[in-house]
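Enquirer: Below are the structure tokens for one structure; questions will follow.
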RNA sequence: GUGACCGUAGCUCAAGUGGUCAGAGCAUUGGACUGUGGCUCCAAAGGUUGGGGGUUCAAGUCCCCUCGGUCACCCCA
């Protein structure tokens with residue numbers, strides 16, 4: 080084979096696709112129960128959307144976007160995340176005119192040009208929600224609760240919820256100022272990455288994993304001490320909602336998410352089993368994004384979770400997933416001569432919504448039985464010249480080995496009854 | 001983008017310091033049971049050892065390049 084899947088991408092083969100289906104179906108059913116409705120936006124957007132929405136200074140925009148020009152020379156970008164596209168669609172279709180908040184969810188692949196690593200790929204899948212048009216702290220609570228509910232629902236047990244508040248446009252500037260006042264005199268003591276962070280976005284020094292840097296930060300001003308009255312109250316109420324629902328969480332003042340649009344509540348759910356890329360999902364409030372995209376001031380909140388990471392965590396925790404829906408019936412023919420009649424019978428069975436299949440590999444009868452066994456069907460049908468001559472079909476119960484004869488035209492009905 | 005390790009049949013892996021070292025298990029197909037599954041046994045098929053170049057009498061085994069993977073950093077899902 081010459082051509083392989085591009086770096087950082089992978090084929091999701093049937094076995095794994097089964098997990099995908101499971102995760103997506105659970106999300107759909109749960110999110111809809113919380114009142115969210117699906118939105119499907121394009122895989123690519125005008126590059127400008129992400130530059131404006133996510134922020135020029137972010138790593139995503141700086142170095143991770145799959146950007147290309149179309150035949151008319153327009154700059155397009157494969158979406159690196161879905162929040163900006165959802166907000167764009169929200170504005171483009173005047174969903175502002177609907178009752179607020181508008182609660183949406185999405186499922187699909189995202190693209191970021193990064194060096195692949197465990198839990199990080201160039202094409203990866205996200206499941207996420209966005210609730211646009213409300214400042215209510217209860218909505219923050221709902222979104223976080225939904226995220227946790229979902230992860231528990233699919234079978235995960237070991238989860239850590241981290242929570243922080245990033246303040247708003249009123250209180251963050253003064254905090255950033257005092258943080259810079261603290262950092263500048265010590266800038267020489269920080270690692271080279273932090274030096275860069277201090278210049279670009281001082282808040283991010285909190286993200287550094289190096290102990291030396293963290294020690295230097297032990298007396299640094301904390302955003303939580305600098306929240307304005309409104310943000311303080313909001314954050315307090317969000318926590319009250321979480322406590323009310325017995326959601327354990329830790330306040331993590333260094334939870335500074337890398338996208339510029341976050342305000343106030345930010346959160347992340349971490350799995351202890353995952354290695355360096357251990358965030359299963361995360362999100363927060365983004366009260367400035369809608370306005371930043373050209374709309375009126377509109378508060379919003381949401382989260383995204385990584386399908387691959389959730390799947391990895393499920394595997395690590397040894398969660399057994401419901402078996403892929405398999406076939407119920409396998410039709411075996413004794414000789415080639417019965418193929419047309421077998422084909423017709425199979426089709427009639429399928430028309431009754433019964434999952435059934437037959438052999439197309441020219442297998443011997445025994446080979447067909449082995450296949451039937453491997454497929455885990457409940458019943459095997461035998462069609463040979465003897466049966467056909469009498470207008471019947473032999474049905475074998477694969478568990479007990481018992482066999483009965485059923486008239487051909489009654490086979491679908493018989494199966495329907497016995498498969499119940 | 002930086003660093004470390006790695007790349008042998010579909011899958012998981014074996015092949016002392018370069019010389020019958022290209023193998024096993026699982027999976028696949030067939031057979032033992034010529035109209036019937038799950039166990040067992042037998043057999044077959046399957047690899048230009050990621051690709052390219054080099055050193056050598058001789059390379060899966062050494063060197064270089066390239067493509068990919070893994071893990072970490074940066075950062076994020």
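Numbering (my numbering), first residue to last: 80 to 499.
Where is the CB? At the ideal position from N, CA and C, for every residue including glycine.
#1: With three or more C-beta pairs closer than 8 Å as the rule, is the segment 433-441 touching the segment 404-424?
#2: Over the uninterrupted beta strand (DSSP E) stretch that includes residue 189, give me the two end residues.
#3: Ignore the nearest five residues each way along the sequence and tell me which others in residue 418's own chain have a CB closer than 7 Å to its CB.
#4: Could you check whether the segment 321-333 touches the segment 241-249, counting it as contact only if at least three pairs of C-beta atoms, one from each stretch, sit closer than 8 Å?
#5: Is the beta carbon of residue 372 less than 8 Å from the beta carbon of residue 343?
#6: DSSP state of residue 80, grouped into three classes?
#7: Between residue 472 and residue 466, what straight-line distance do the alpha-carbon atoms span, to the nearest angstrom?
#8: Do residue 295 and residue 265 count as a contact pair if the criterion is CB distance below 8 Å?
#9: Rounded to the nearest angstrom, how far is the Cβ of residue 187 from that of residue 340, given a contact under 8 Å?
#10: Given a threshold of 16 other Cβ atoms within 10 Å of its Cβ, counted over all protein chains shown, does residue 350 qualify as buried or as exposed?
#11: In chain order, what residues of the same chain lie with their CB nearer than 7 Å to the CB of residue 80, ignoring the 5 residues before and after it?
#12: Decide if residue 325 is buried, meaning its Cβ has at least 16 other Cβ atoms within 10 Å, or exposed.
#13: Distance check for residue 476 and residue 486, CA to CA, integer angstroms please.
#14: Look at residue 205 and residue 163 and say whether their C-beta atoms are less than 8 Å apart.
#15: If I'm right that residue 388 touches residue 425 with Cβ under 8 Å, what's the distance once you round it to whole angstroms?
#16: Can you tell me the Cα-Cα spacing of residue 98 and residue 401, whole angstroms?
#17: When the distance is taken between beta carbons, is residue 383 closer than 8 Å to residue 366?
#18: Give the secondary structure of residue 126 by DSSP, where H, G and I count as helix, E and B as strand, and everything else as coil.
#19: Are the CB atoms of residue 207 and residue 179 within a distance shorter than 8 Å?
#20: Could I get the ranges of all uninterrupted beta strand (DSSP E) runs contained in the segment 333-409, with 3 residues as the minimum, in chain order?
#21: Residue 210 bridges to which residues according to DSSP?
#22: With C-beta atoms as the reference, is residue 185 less than 8 Å away from residue 165?
#23: What are the uninterrupted segments assigned as alpha helix (DSSP H) that are 4 or more residues long and contained completely in the segment 416-471, given in chain order?
#24: Name the residue from 154, 189 and 89 whose alpha carbon lies nearest to the alpha carbon of residue 385.
#25: In its own chain, which residues sit with a C-beta less than 8 Å from the C-beta of residue 116, not counting the 5 before and 5 after it?
#26: Where does residue 101 fall in DSSP's three states?
#27: With H, G and I counted as helix, E and B as strand and the rest as coil, what does DSSP make of residue 289?
#28: Pull up the distance between the alpha-carbon of residue 93 and that of residue 390, whole angstroms please.
#29: At the level of alpha carbons, what is the spacing between residue 283 and residue 449?
#30: Note down the Cα distance separating residue 491 from residue 318, rounded to an integer number of angstroms.
#31: Which same chain residues end up closer than 6 Å to residue 498 when comparing Cβ atoms and leaving out the 5 residues on each side of it in sequence?
#32: Helix, strand or coil: which one does DSSP assign to residue 151?
#33: Locate the alpha helix (DSSP H) running through residue 171, then write down its first and last residues.
#34: State the DSSP-derived secondary structure class of residue 145, mapped to helix, strand or coil.
#35: Please report the residue range of the alpha helix (DSSP H) in which residue 488 lies.
#36: Pull up the distance between the alpha-carbon of residue 488 and that of residue 91, whole angstroms please.
Expert: If we stick to the structure as given:
#1: yes
#2: Locating residue 189 in the first chain gives position 110, counting from the first residue. Here the beta strand (DSSP E) through residue 189 covers 181-190.
#3: Taking the first residue of the first chain as position 1, residue 418 is located at position 339. If we look at residue 418 and ignore the five residues flanking it on each side, its Cβ neighbours are 412.
#4: yes
#5: Here residue 372 is taken as the residue at index 293 of the first chain, counted from 1. Here residue 343 is taken as the residue at index 264 of the first chain, counted from 1. Against a cut-off of 8 Å, the Cβ pair of residue 343 and residue 372 comes out as no contact.
#6: In the first chain, residue 80 corresponds to position 1, counting from 1. Summary for residue 80: the model assigns pLDDT 47, below 50, so the residue's position carries little reliability, and this model does not support an answer.
#7: Numbered from 1 along the first chain, position 393 holds the residue referred to as residue 472. Numbered from 1 along the first chain, position 387 holds the residue referred to as residue 466. Residue 472 and residue 466 have their C-alpha atoms spaced approximately 6 Å apart.
#8: By 1-based counting over the first chain, the position of residue 265 is 186. By 1-based counting over the first chain, the position of residue 295 is 216. Their beta carbons are under 8 Å apart, which means residue 265 touches residue 295 by this criterion.
#9: Here residue 187 refers to the residue found at position 108 of the first chain. Here residue 340 refers to the residue found at position 261 of the first chain. Not really, about 20 Å apart at Cβ, beyond 8 Å.
#10: Numbered from 1 along the first chain, position 271 holds the residue referred to as residue 350. Under this definition residue 350 is a buried residue.
#11: Numbered from its first residue, the first chain carries residue 80 at position 1. At residue 80, the pLDDT of 47 sits below 50, so the modelled position is not reliable; the number obtained from the coordinates is stated separately. No residues qualify anywhere along the chain.
#12: Within the first chain, numbered from 1, the residue matching residue 325 stands at position 246. Under this definition residue 325 is an exposed residue.
#13: Counting from 1 along the first chain, the entry for residue 486 is found at position 407. Counting from 1 along the first chain, the entry for residue 476 is found at position 397. Cα to Cα, the separation comes out at about 16 Å.
#14: Indexing the first chain from 1 puts residue 205 at position 126. Indexing the first chain from 1 puts residue 163 at position 84. For residue 205 and residue 163, no; Cβs fall outside 8 Å.
#15: Counting from 1 along the first chain, the entry for residue 388 is found at position 309. Counting from 1 along the first chain, the entry for residue 425 is found at position 346. Wrong, their Cβ atoms sit about 41 Å apart, outside the cutoff.
#16: Position 19 of the first chain holds residue 98. Position 322 of the first chain holds residue 401. Cα to Cα, the separation comes out at about 9 Å.
#17: Within the first chain, numbered from 1, the residue matching residue 366 stands at position 287. Within the first chain, numbered from 1, the residue matching residue 383 stands at position 304. Taking 8 Å as the Cβ cut-off, residue 366 and residue 383 do not qualify as a contacting pair.
#18: The sequence position of residue 126 within the first chain is 47, counting from 1. Here residue 126 sits in helix by DSSP.
#19: Residue numbering aside, residue 179 sits at position 100 when the first chain is read from its first letter. Residue numbering aside, residue 207 sits at position 128 when the first chain is read from its first letter. No. Outside cutoff.
#20: Within the segment 333-409, the complete beta strand (DSSP E) runs of at least 3 residues are 342-349, 358-364 and 379-385.
#21: Here residue 210 corresponds to residue number 131 of the first chain, with the count starting at 1. According to DSSP, which records beta bridges pairwise, residue 210 is partnered with 182 and 380.
#22: Working through the first chain from its first residue, we reach residue 185 at position 106. Working through the first chain from its first residue, we reach residue 165 at position 86. For residue 185 and residue 165, yes; Cβs fall inside 8 Å.
#23: 418-430, 444-454 and 464-469
#24: The residue given as residue 385 occupies position 306 in the first chain. Of the candidates 154, 189 and 89, the one whose C-alpha sits nearest the C-alpha of residue 385 is 189.
#25: Sequence index remark: in the first chain, residue 116 carries index 37 (1-based). The answer, listed in chain order, is 182, 183 and 184.
#26: Here residue 101 refers to the residue found at position 22 of the first chain. Helix.
#27: One-based indexing of the first chain puts residue 289 at position 210. It is coil, neither helix nor strand.
#28: Here residue 93 corresponds to residue number 14 of the first chain, with the count starting at 1. Here residue 390 corresponds to residue number 311 of the first chain, with the count starting at 1. Cα-Cα distance, rounded: 14 Å.
#29: Taking the first residue of the first chain as 1, we reach residue 283 at position 204. Taking the first residue of the first chain as 1, we reach residue 449 at position 370. Roughly 59 Å between the two C-alpha positions.
#30: Stepping through the first chain from its first residue, residue 491 is reached at position 412. Stepping through the first chain from its first residue, residue 318 is reached at position 239. Answer to the nearest angstrom: the Cα atoms are 57 Å apart.
#31: Position 419 of the first chain, counting from 1, holds the residue named residue 498. In the same chain as residue 498, and ignoring 5 residues on each side of it, the C-beta atoms closer than 6 Å to its own belong to 407, in chain order.
#32: As a position in the first chain, residue 151 is number 72, starting the count at 1. Residue state, collapsed to three classes: coil.
#33: Taking the first chain and counting its residues from 1, one reaches residue 171 at position 92. Counting along the chain, the alpha helix (DSSP H) containing residue 171 begins and ends at 162-171.
#34: For the purposes of this step, residue 145 is identified with residue 66 of the first chain, where counting begins at 1. DSSP places residue 145 in strand when its eight states are reduced to three.
#35: To locate residue 488, count along the first chain from 1; it is residue 409. No alpha helix (DSSP H) holds residue 488; DSSP gives it neither H nor E.
#36: In the first chain, the residue the question calls residue 488 occupies position 409. In the first chain, the residue the question calls residue 91 occupies position 12. Spanning the two alpha carbons is a distance of roughly 40 Å.
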